[in-house]
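Residue numbers (my numbering): 3 to 362. Even for Gly, the Cβ is constructed at its ideal location relative to N, Cα and C. The structure appears below as structure tokens.
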Ligand code: NAD
């Protein structure tokens, strides 16, 4: 049976000569889009301070729409970014985005507990999905998100901006090409002092806790620096501010064992400023300081330095992900990559709770 949505997806993903809206697919001779339209869902800090400004500089996409629960924010964004009323949604009428040909991609920038619902609703509306990290609070949620995108023939990318940063790609290359032999030891720390007390980051039901938040940067540091997936973990959760961190951990220390025998000691915290990676190989070393900031990540290794200039990580991520959609090529960080982290995060929580080693 001819499915108009399938046809639309294959045209967008396949990079064919024309992109049609679901409403005009059969009749339209619309030219190919040069830029994909992105709708941001959730207009908090990251959308406001990083993604919307980046979308003013991107070449393959633009800020086409918004989804917000706040009429005041909707008005402000409408004025600031010249967003037409027809591209402004709230959480109730969001599903009607299915009928809007201006929106090609829905970017979910909500607290982690809401990522699953909005990814699935966007997929059912026939839109590609970009979803912020951590992908979701549980492996089951991640699997449901991947399934919904596959079932609806849309793509799912996770907002791992660092994987688009040439400085990250350089330390991955050094391991891959075995410049200094095998990786033997990794130390990695990512954290900052968060002085908020009632934010979702301190709320378990909303997907708070440092492990899924800053912790995925330390975990990614270890996974990307070794080029391997951990097979066992131990972990210790702690807090110095129990009056604030009542439901979730303020600090998590976790240790990873990799199949090659490499070991990683990782730290993440909402109470400690740190952002570094150290890798010790059989015959060399590498240090990143900083590892996962928005800009200025750089480092050095036994025989050189890592210091690639980058204008905007977010703009590069958005453009590269949109190019992958347009050209039907592999996304740098698809849903499966988000899932790989959450599998380890679940094991870390289990190890922190029960003690001992948890195998993955
Ligand atoms: P934020 O608290 O500043 O914004 C969250 C938004 O969600 C707000 O607009 C809020 O109104 C909305 N929201 C809707 N329902 C809500 C509810 N029930 N409770 C709380 N908020 C609700 O958060 P943020 O820092 O913008 O983070 C959003 C997402 O982006 C998270 O997944 C976070 O991990 C991710 N993030 C990623 C990066 C990165 O570097 N990739 C940086 C910051 C945040």
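Query	Result
Taking the continuous beta strand (DSSP E) assigned at residue 319, which residues delimit it?	Premise fails: residue 319 lies in the alpha helix (DSSP H), 315–329, not in any beta strand (DSSP E).
Under 8 Å, do residue 263 and residue 174 count as touching if we go by C-beta distance?	no
Is residue 341 helix, strand or coil when you go by DSSP?	helix
Three-state secondary structure (DSSP) at residue 98?	helix
In chain order, what residues of the same chain have a beta carbon less than 7 Å from the beta carbon of residue 29, not counting five sequence neighbours either side?	Here residue 29 scores only 37 on pLDDT, less than 50, and its place in the model is too uncertain to base an answer on.
Would you call residue 200 buried or exposed, if buried means 16 or more other Cβ atoms sit within 10 Å of its Cβ?	exposed
Which parts of the stretch 255–280 are runs of the alpha helix (DSSP H), unbroken and 4 residues or longer, counting only runs that do not cross its ends?	none
Can you look up residue 304 in the DSSP assignment and give me helix, strand or coil?	coil
Taking 7 Å as the cut-off, is the C-beta of residue 210 nearer than that to any heavy atom in the ligand NAD?	no
Quick one: what's got a C-beta closer than 8 Å to residue 347's C-beta in the same chain, skipping five residues either side?	136, 213, 214, 217, 218 and 221
For residue 122 versus residue 108, is the C-beta spacing smaller than 8 Å?	no
Tell me whether the stretch 144–156 and the stretch 60–74 touch, counting them as touching only if at least three CB pairs, one residue from each stretch, are closer than 8 Å.	no
Can you say whether residue 191 is buried or exposed, counting buried as having 16 or more other CB atoms within 10 angstroms of its CB?	buried
Sorted by chain position, which residues of the same chain lie with C-beta nearer than 7 Å to residue 246's C-beta, five sequence neighbours on each side aside?	199 and 204
Going along the chain, which unbroken runs of the alpha helix (DSSP H) with 4 or more residues stay wholly within the stretch 190–233?	217–228
According to DSSP, residue 91 sits in a beta bridge with which residue or residues?	69
What I want to know is whether the C-beta of residue 201 ends up closer than 7 Å to one or more non-hydrogen atoms of the ligand NAD.	yes
Looking at residue 129: is its Cβ nearer than 8 Å to the Cβ of residue 324?	no
Under 8 Å: do the stretch 147–164 and the stretch 175–188 share three or more Cβ pairs, one atom per stretch?	no
In three-state DSSP terms, what is residue 240?	strand
Do the stretch 263–275 and the stretch 295–307 meet, that is, are 3 or more Cβ pairs less than 8 Å apart?	no
Hey, would you say residue 60 sits closer than 8 Å to residue 320, going by beta carbons?	yes
What are the boundary residues of the beta strand (DSSP E) that residue 157 is part of?	Run containing residue 157: none; DSSP gives neither H nor E here.
Near residue 268, which residues of its chain fall below 6 Å by C-beta distance, leaving aside the five closest residues on each side in sequence?	190, 220, 224 and 256
What are the start and end residues of the alpha helix (DSSP H) that includes residue 176?	168–178
Pull up the distance between the alpha-carbon of residue 170 and that of residue 42, whole angstroms please.	26 Å
Should residue 318 and residue 312 be called a contact, given that it needs their Cβ atoms to be closer than 8 Å?	yes
Can you tell me whether residue 82 sits near the ligand NAD, meaning its C-beta is under 7 Å from at least one heavy atom of the ligand?	no
Quick one: does the C-beta of residue 55 sit closer than 7 Å to a heavy atom of the ligand NAD?	no
Kindly indicate which three-state DSSP category residue 23 falls into: helix, strand or coil?	With a pLDDT of only 36 at residue 23, under the threshold of 50, the placement of this residue in the model should not be trusted, and no figure is reported.
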